[in-house]
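Note sheet for the following structure.
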Amino acid sequence: MFVVHLVLVVIVCLRDTFYLLGQGYTLAPRALDPVWQWSENLAAATLGEGFDIANPLRQTVALYTHAAGIHSGYSFFAPNVPSSYKVVFEFHAPDGSVEYDLPEIASEATGLRLGNLLDFIGKTHYAGLREAMLRRLAYASARQHPRATSVRTVFGIVRMPNAEEYWEGERESYDVLYAYDFQLAPP
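Numbering (my numbering), first residue to last: 3 to 189.
Below, the structure is given as structure tokens:
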């Protein structure tokens, strides 16, 4: 059993490492990105992540890795530089007015946790879970907007140019990945 546990730890850590390499978050040559992405997919397939969500093997591996605390490669709680994901809330009031807001950050620790949470949301492949997490964030921010009856939650990624692109004049850009509309209780 120890060997199986150790193998799963190694595969999860490799999957997360290959993900970081494949996204260009390191100084590794960008030409190797397809190799890293292929390796990440192989590690994920080894964990059964390519199977249907109802597949018993996938559920067994997921249950074990979550119960053992090895499902995230120890990166969720570690201080790291998360991806540049961003969430913006667009609150709509009955009179047609629109207010924009970002998640409230009360402390440095909250900022780190929010960055890691947004990174986790960005990597989530299950649409229902992603929507539920963004709904919770939207409802938490809705307390600051009591007149609002609906909120559009826009989740995206800030794309930073590499050094070569920067010298060519490119600057950061924002790509929308997901947008959800949620109804709020009437004021």
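Heads up, the beta-carbon is just placed ideally off N, CA and C, and yes, glycines get one too.
Item, Value
"DSSP beta-bridge partners of A108", "A108 is not bridged to any residue."
"Local conformation of P81 per DSSP, three classes", "Model confidence at P81 stands at a pLDDT of 46, short of 50, so the residue's coordinates are unreliable; what they give is reported in the following sentence. Note: P81 maps to coil in three-state DSSP."
"Buried versus exposed, by CB contacts within 10 Å (16 or more), F4", "exposed"
"Y168 burial status per 10 Å Cβ neighbour count (16 or more: buried)", "exposed"
"Range of the contiguous alpha helix (DSSP H) that encloses G24", "F4 to G24"
"Contact set for Q39: own chain, Cβ-Cβ below 7 angstroms, skip 5 residues either direction", "G24"
"Host beta strand (DSSP E) of L179 (start-end)", "S175 to Q185"
"Under the three-state DSSP convention, the category H73 falls into", "coil"
"Y87 vs F184 beta-carbon contact at 8 angstroms", "no"
"Cβ shell of I107 (< 8 angstroms), same chain only, five flanking positions each side left out", "G113 and L116"
"DSSP state of T28 mapped onto helix, strand, coil", "coil"
"Sequence-distant residues of the same chain with beta carbon closer than 8 angstroms to S175, five excluded per side", "V160 and R161"
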